[in-house]
Amino acid sequence: MKGIRVPYIECTRTGSQYNQIKDRSFIVYDQTKNEYISAKTFKKLFAIQPSFENGILTLTVNDKSIKIDVKKVVDNGDVRSIICYEKDLAEGYDCGDKVSLFLKGFLQTSDELRLAYYSEGLFKQRIANIDDIWTLNKPPPGPHELRYQDEGPYMVMTTASLKDLNKRIGSELLINRFRPSILIKGSEPYAEDFWNKLSIGKVEMSYLKPCTRCVMTMINDEGVSNKNMEPLRELRKYRLAPGKLRKVYGESPVLGGIFGIDEGGIIKEGDSVYAMLKDIPC
46 MKGIRVPYIE
56 CTRTGSQYNQ
66 IKDRSFIVYD
76 QTKNEYISAK
86 TFKKLFAIQP
96 SFENGILTLT
106 VNDKSIKIDV
116 KKVVDNGDVR
126 SIICYEKDLA
136 EGYDCGDKVS
146 LFLKGFLQTS
156 DELRLAYYSE
166 GLFKQRIANI
176 DDIWTLNKPP
186 PGPHELRYQD
196 EGPYMVMTTA
206 SLKDLNKRIG
216 SELLINRFRP
226 SILIKGSEPY
236 AEDFWNKLSI
246 GKVEMSYLKP
256 CTRCVMTMIN
266 DEGVSNKNME
276 PLRELRKYRL
286 APGKLRKVYG
296 ESPVLGGIFG
306 IDEGGIIKEG
316 DSVYAMLKDI
326 PC
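46 is the number of the first residue of the sequence shown in the numbering used here; add one for each residue after it.
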């Protein structure tokens with residue numbers, strides 16, 4: 046689904062939150078297999094625009110919309126176990142048949158697709174327990190808790206990195222392609238490679254690992270893949286992981302950093318960012 050720009054976020058150990066919106070707390074899954082579904086399978090998922098107000102999630106696409114009362118979803122108590130990334134299990138509250146029909150109708154599939162919502166307290170095997178093979182520097186102690194994120198609680202990226210990439214490919218990709226939790230401006234391109242710790246207001250964050258990039262970066266907001274395989278093709282020319290990490294990440298380029306929370310709090314748009322640097326990037 047598309048991202049939502051917000052004026053501030055509350056940083057918790059499991060991810061960011063704005064009012065009642067919890068980042069990466071909804072997941073599409075196939076009921077037949079109890080497995081999560083991503084835009085790698087259904088590219089058009091990226092065309093769905095979510096909004097959230099007074100506890101109601103609204104999904105809109107092609108002038109059609111559906112509303113989901115999140116409190117009622119939790120009260121219904123229909124908990125499902127879903128196989129997520131790396132075959133770990135995570136629970137979620139099923140959001141009901143109407144949402145399922147909405148998704149299947151828009152995506153034009155007979156697959157038993159459904160939407161689930163993660164709320165604190167549900168069972169999950171998934172944690173971001175980073176060890177030395179994932180970074181050239183010593184990672185902070187873990188584990189770091191997750192909702193439905195892939196690699197870690199927060200993905201941080203800079204506007205300068207995006208600007209440099211756009212210059213290289215001769216196009217104006219939007220930041221939506223890369224889906225950061227936190228976007229920082231005012232740095233040099235790829236400065237995030239060197240950040241070991243970040244201080245933003247009272248929030249303290251530690252770098253866990255570089256963010257690897259996949260084919261989903263080629264899909265635009267309308268759910269259409271780039272015929273020239275950009276930006277993945279260009280990123281593979283100059284952003285493959287350095288040193289021993291090349292063997293770990295292979296042909297997956299890195300752009301942005303995965304961070305965990307040491308000290309939670311509120312981050313507001315326009316806050317100053319202070320970085321503690323490391324000697325070796327990534």
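Cβ atoms here follow ideal geometry from the backbone N, Cα and C, with glycine treated the same way.
Would residue i be called buried (16 or more neighbouring beta carbons within 10 Å of its own) or exposed?
i	result
I127	buried
F71	buried
L243	buried
S251	buried
M321	exposed
R222	buried
E165	exposed
R224	buried
R58	exposed
D68	buried
V115	buried
V269	exposed
I311	exposed
I325	exposed
C259	exposed
Taking C-alpha atoms, which residue in the options lies nearest to residue i?
i	options	result
Y163	K183, R125 and D176	R125
S255	E308, L167, G301 and Y283	Sequence check: residue 255 is Pro here, not Ser. It is G301 whose Cα lies nearest to the Cα of P255.
Y81	K132, I172 and R291	K132
N79	K89, L158, G141 and F147	L158
Y63	V51, C259 and T204	V51
V318	I49, V260, T262 and V201	V201
T77	D156, K323, K292 and L104	D156
S110	N121, F151 and V73	F151
K89	R69, D266 and K208	D266
I66	G100, L322, K85 and T57	G100
L102	S83, F87, E308 and L160	L160
L146	V73, T180 and V269	V73
K328	G246, E98 and G122	Given that the chain is displayed from residue 46 to residue 327, the structure contains no residue 328 and the question cannot be resolved.
V118	G137, L104 and D108	G137
D307	S226, E190 and D120	E190
D123	T154, I245, L167 and P234	L167
S232	K282, M46, S96 and K208	K208
G309	K247, Y294, I325 and L253	K247
T180	L253, K149, I227 and D120	L253
R213	R281, D120 and M46	R281
T154	D75, D108, S96 and N107	D75
E55	S226, Y294 and V299	S226
M46	D120, N121 and L148	L148
S83	M261, D120 and N121	M261
Can you tell me the Cβ-Cβ gap for residue i and residue j, rounded? I've got them flagged as a contact below 8 Å.
i	j	result
E296	L210	The pair is not a contact, with the Cβ atoms about 17 Å apart (cut-off 8 Å).
Q197	F304	According to the sequence shown, residue 197 is Gly rather than Gln. With 8 Å as the limit, G197 and F304 qualify as a contact, their Cβ atoms being about 7 Å apart.
K169	A135	4 Å
R171	C129	6 Å
C327	L277	That pair is no contact at about 18 Å.
E249	M263	35 Å between Cβ atoms; not a contact.
G60	Y199	7 Å
T257	I229	Wrong, their Cβ atoms sit about 19 Å apart, outside the cutoff.
I245	D316	5 Å
Q94	T105	5 Å
Y53	K313	4 Å
Check whether the Cβ of residue i lies closer than 7 Å to any heavy atom of the ligand ADP, and answer yes or no.
i	result
E249	With respect to small molecules bound, the structure shown includes none, and the ligand ADP cannot be examined in it.
Is there at least one Cβ from chain D nearer than 8 Å to residue i's Cβ?
i	result
T86	This model lacks chain D altogether; it includes just one protein chain.
Query - Contact the segment 211 to 221 vs the segment 286 to 298: 3+ CB pairs below 8 Å - result: no
Query raised in the report: Taking contact to mean at least 3 C-beta pairs separated by less than 8 Å, is the segment 174 to 191 in contact with the segment 229 to 238?
Result: no
Requested in this report: Indicate whether the contact test is met: 3 or more Cβ pairs, each with one atom in the segment 142 to 151 and one in the segment 182 to 200, closer than 8 Å.
Outcome: no
Requested in this report: Mind listing, in chain order, the continuous alpha helix (DSSP H) runs of no fewer than 4 residues lying wholly within the segment 72 to 143?
Outcome: 115 to 121
Query raised in the report: Which ranges does the beta strand (DSSP E) cover as unbroken runs of at least 3 residues, wholly within the segment 168 to 225, from first to last along the chain?
Result: 199 to 203
Query - Segments assigned alpha helix (DSSP H), at least 4 residues, entirely inside the segment 237 to 310 - result: 277 to 283 and 290 to 294
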